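Asks: This note's numbering applies: residue 9 is where the sequence shown begins, and numbers increase by one.
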Amino acid sequence: MDKLDVLSRRRFLEQTFAWSAIATLSPASFFNAGAQASTPNPASAHMFMLGDWGTDRYKPQQVSVSQSMNQWMDSRHVQPGALVMLGDNWYGKMHDQHGVERWREQFENMYPANRFPGPAYAVLGNHDYEKLKVDKVQMQLDYPKQHRTRWTMPARWYTFNFPEQNPVAKFICLDSNLPGTKPFDPWPWSYLMSQEDRDAQDVWFKAELSKPRTVPFLIVIAHHPLYTNGVHRDNPILIPRWGPMLKEAKVDFYITGHDHDLQHLEFQDHPTSFVISGGGGAELVDWSVDPKKRGPFGGRTLGFSHLELSKDLAILRHIGLGGQELHSFSKTPDGKMSILLAG
Ligand SMILES: [Fe+2]
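(1) Output the residue ranges of the beta strand (DSSP E) runs that lie fully inside the stretch 168–192 and measure 3 residues or longer, sorted by chain position.
(2) Quick check on the DSSP output: the beta strand (DSSP E) that includes S336 runs from which residue to which?
(3) Do you know whose CA, among Q173, A290, S346 and V228, lies nearest T167's CA?
(4) Just the residues with CB closer than 5 Å to a heavy atom of ligand 1, in chain order, which are they?
(5) To which residues of the same chain is A41 closer than 7 Å at the C-beta, ignoring the five residues directly before and after it?
(6) Here's the rule: buried if 16 or more other CB atoms are within 10 angstroms of the residue's CB, otherwise exposed. What is D183?
(7) Rounding to the nearest angstrom, what Cα-Cα distance links L91 and W195 in this structure?
(8) Can you give me the C-alpha to C-alpha distance between D82 and D205, rounded to a whole angstrom?
(9) Report all residues from its chain with a CB closer than 8 Å to the CB of L270; omit the five preceding and five following residues, and keep chain order.
(10) With H, G and I counted as helix, E and B as strand and the rest as coil, what does DSSP make of D104?
(11) For I263, which beta-bridge partners are listed by DSSP?
(12) Tell me, please, which residues DSSP counts as bridged to D1.
(13) For a test of the three-state rule: what should DSSP assign to M345, helix, strand or coil?
(14) According to DSSP, is Q87 part of a helix, a strand, or is it coil?
(15) Quick check on DSSP: helix, strand or coil for W195?
(16) Hey, G289 and V73 are a contact pair by Cβ (cut 8 Å); roughly how many whole angstroms apart?
(17) From the DSSP secondary-structure annotation, give me the bridge partner or partners of P304.
(18) Would you mind giving the Cβ-Cβ distance between D260 and L226, rounded to the nearest angstrom? I have them listed as a contact below 8 Å.
(19) Around the C-beta of D60, are 16 or more other C-beta atoms found within 10 angstroms, so that it is buried, or is it exposed?
(20) What residue from G251, L140, P171 and G188 has the CA that sits closest to R213's CA?
(21) Are the beta-carbon atoms belonging to T280 and K255 less than 9 Å from one another?
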């Protein structure tokens, strides 16, 4: 065990005393795979995830995250088979009817196909629900019909399996812009989905969750967290609506953006690991809850997340600027969670 591992263990153990969660889990089980933390397995499938990236005011920060993705890939010899764009894909105006210039600069060239040749699966955030002349929701649905692109958003809610060949995970992609969700930016051009669409999505979501599992891991992605230590706070609409559904179906991960940071939260008697990866480029903001009180991890930093998947193991890594691994943990198909790097 090297010095960093010792320090990380100590910090992690200090944190555990402050947690209100995971009281029933055995701390000894958190460290059983530490040596694997920084060594992605080339035989596994890999994807990178990032939220809150399509900023109109902080483009140099978006560039820094893109560079960090490349640095991590090069240093760890990782080739992601897909990107997952966790919403707030487009902040502000698109400048022309279809936003061609911004698509080219901030998506196609920012995450170039020669480095990221796989599909870029996307969900919608609150900034995508702004009507600033262009309907940015419809624009994102239409973009793949009009361009040869990796952008993948066949509907506002949809599923995909990953990898496409011999899949080990099913992803359920949701639109979390539910009516009643408190708009953080109460601008007149912001709007939310209709009650009819909310109910239709939930019928569909329940049906997807009730299907027999054919792959080891079940992962839900959306833009809004249920639980967060960030400035947006826990979501009183989503917690009672989706929380019991995630629990009953034993969803392995619920992964979102929205808060501009990197987080990992676990809760007693809840099988789902809650992950926030909103460090794609937009401005950093303060905590509403000290992350030491509700862990295992909170990083107020730009960055992205790397999900490694095999039939026996899923590893989620939070990666900061410079391609530095900040926190990582694994889950087995039977739901056992282990911290690999406490951070
Ligand atoms: Fe957001």
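Backbone N, C-alpha and C fix where the C-beta goes; we use that ideal spot for every residue, glycine too.
Note that this is a predicted model, so its numbers are computed, not measured.
Replies: Reading it off the structure:
(1) 177–181
(2) Q332 to K339
(3) V228
(4) D96, G133, N134 and H266
(5) Its pLDDT being 41, under 50, A41 is placed unreliably by the model, and the measurement read from it follows with that caveat. The residues are S338, S346 and L348.
(6) Residue environment for D183: buried (at least 16 other C-beta atoms within 10 angstroms of its C-beta).
(7) 30 Å
(8) 42 Å
(9) I284, S285, G286, G287, F305, G306, G307, T309, G311, S313, H326, G328, L334 and H335
(10) coil
(11) For I263, which the question treats as bridged, DSSP gives the partners I229 and V283.
(12) No answer is possible for residue 1: the residues shown for the chain start at 9 and end at 351.
(13) strand
(14) coil
(15) coil
(16) So it is a contact: roughly 6 Å between Cβ atoms.
(17) L273
(18) 6 Å
(19) buried
(20) A small fix is needed here, since residue 213 is Phe in this sequence, not Arg. The residue with the shortest Cα to Cα distance from F213 is G251.
(21) A contact, by the Cβ cut-off of 9 Å.
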